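In what follows, a structure is listed as C-alpha cells, so that the remarks can point back to it.
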Amino acid sequence: MKHLSAVTIAVIASLHFFTISFAGEHSPRHEPKASGDIKLYGGLKALLQEEMALIEKSMSRLVREIASGNWEKIASIARNIEESFIIKKQLSKSQKEELGSKLPELFKDIDGEFHKAAGMLAKVADKRHAELVTFYFYKLSDSCVRCHSKYAKVRFPNFDKKTGGHNNSH
Ligand code: HEC
Numbered sequence: 134m135k136h137l138s139a140v141t142i143a144v145i146a147s148l149h150f151f152t153i154s155f156a157g158e159h160s161p162r163h164e165p166k167a168s169g170d171i172k173l174y175g176g177l178k179a180l181l182q183e184e185m186a187l188i189e190k191s192m193s194r195l196v197r198e199i200a201s202g203n204w205e206k207i208a209s210i211a212r213n214i215e216e217s218f219i220i221k222k223q224l225s226k227s228q229k230e231e232l233g234s235k236l237p238e239l240f241k242d243i244d245g246e247f248h249k250a251a252g253m254l255a256k257v258a259d260k261r262h263a264e265l266v267t268f269y270f271y272k273l274s275d276s277c278v279r280c281h282s283k284y285a286k287v288r289f290p291n292f293d294k295k296t297g298g299h300n301n302s303h
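For the sequence shown, the positions run 134 to 303 when my numbering is used.
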C-alpha cells in the first residue's frame, strides 16, 4: 500500500539537479549556502509549491476543526493530506520505481512519517480521541519543520544556522 507522495516525487524527479549532503557522510568540495537544500526547476517546482500551499491550507483548516471537535471534518482533511499526490498522477509506475530507488533515505523517512501521521490523525479522529488528535497534529507540524530545516533552507532561511535566527539542533 506504500505510495510516493507528491513531495517525494517532485524531489526524486529532479534529483540530478541538486546536491544533498548528509551530516557526517561526506563533505562537499564547495559548501553551498544552504547545503542539503533541494533545487527544483520549472514545472516540478511549481507543482511542489502548489502541493505545499494545499498542505498549509489543510493545516489551518485542521486547527479550526480540531478546536471545534468536528471529528468527521478532521478525518476527511487528514485523509486528503495522507493521499495527496498531484505529481504522482503524471508519472508512470516504472518512472516512480526508478526515481524512488534514487531517493535519499532521510527524505523518504520524513515524507513517510508525514503521511503516516496524517493517516493516524484520520484514524484517531474517527475514534473521537481528542488527545491523540492533538498529538498527531503535532506530529504533522513536526515533519514540516524536519523536512524544511533539512531541504528547504533557502525558502525558509530561519532554519539555516548560518543566516537564520532560529536553529534546529538535533
Ligand atoms: C518531506 C519534505 C517536506 C515536508 C514533510 C513538508 N514540506 Fe513544505 N516544502 C518542502 C520543500 C522542499 C519546500 C521548498 C520548495 C521550494 O524550493 O520552493 C517546501 C515549501 C513549502 C512552502 C512554501 C511554498 C511556496 O510556494 O514557496 C510551504 C507553505 C510549505 N512547504 C508548507 C508545509 C507544511 C505546512 C508542511 C507540514 C504540514 C510541509 N510543508 C511539509 C518539503 C516538505
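Just so it is clear, CB atoms sit at the ideal spot from N, CA and C, and this is done for glycine as well. Source: prediction; values computed, not measured.
Close-in-space but distant-in-sequence residues of the same chain around residue 214 (CB under 7 angstroms, 5 per side omitted): 188, 191 and 251
contact_flag[the segment 192-209, the segment 262-274] where n(CB pairs < 8 angstroms) is 3 or more: yes
Give me, in chain order, the residues of the same chain whose beta-carbon lies closer than 7 angstroms to that of residue 276; leave out the 5 immediate sequence neighbours on both sides. 243, 246, 247 and 250
Excluding the five sequence neighbours on either side, which residues of its own chain have a C-beta within less than 6 angstroms of the C-beta of residue 208, listed in chain order? 255, 258 and 259
I need the DSSP call for residue 261, collapsed to helix, strand or coil. coil
What number of angstroms, rounded off, separates the C-alpha of residue 291 from the C-alpha of residue 210? 28 angstroms
Given this structure, state the Cα-to-Cα distance separating residue 220 from residue 186, to the nearest angstrom. Residue confidence is low: residue 220 scores 45 on pLDDT, short of 50, so the model does not pin down where it sits. Its coordinate-derived value is still stated next. If I take the Cα positions, the gap works out to 14 angstroms.
Buried or exposed (CB count within 10 angstroms, at least 16 for buried), residue 205: exposed
Taking residue 217 as the reference, which of 193, 288, 241 and 184 has the closest Cα? 184
Let's test the definition: count the other Cβ atoms within 10 Å of the Cβ of residue 284 and tell me whether it reaches 16, buried, or not, exposed. buried
Let me confirm a value: residue 282 is counted as buried when at least 16 other C-beta atoms fall within 10 Å, else exposed. Which label applies? buried
Could you give the distance in angstroms between the alpha-carbon of residue 240 and the alpha-carbon of residue 274? 16 angstroms
Using C-beta distances below 7 angstroms, list every residue in its chain close to residue 272, excluding the 5 sequence neighbours before and after it, in chain order. 250
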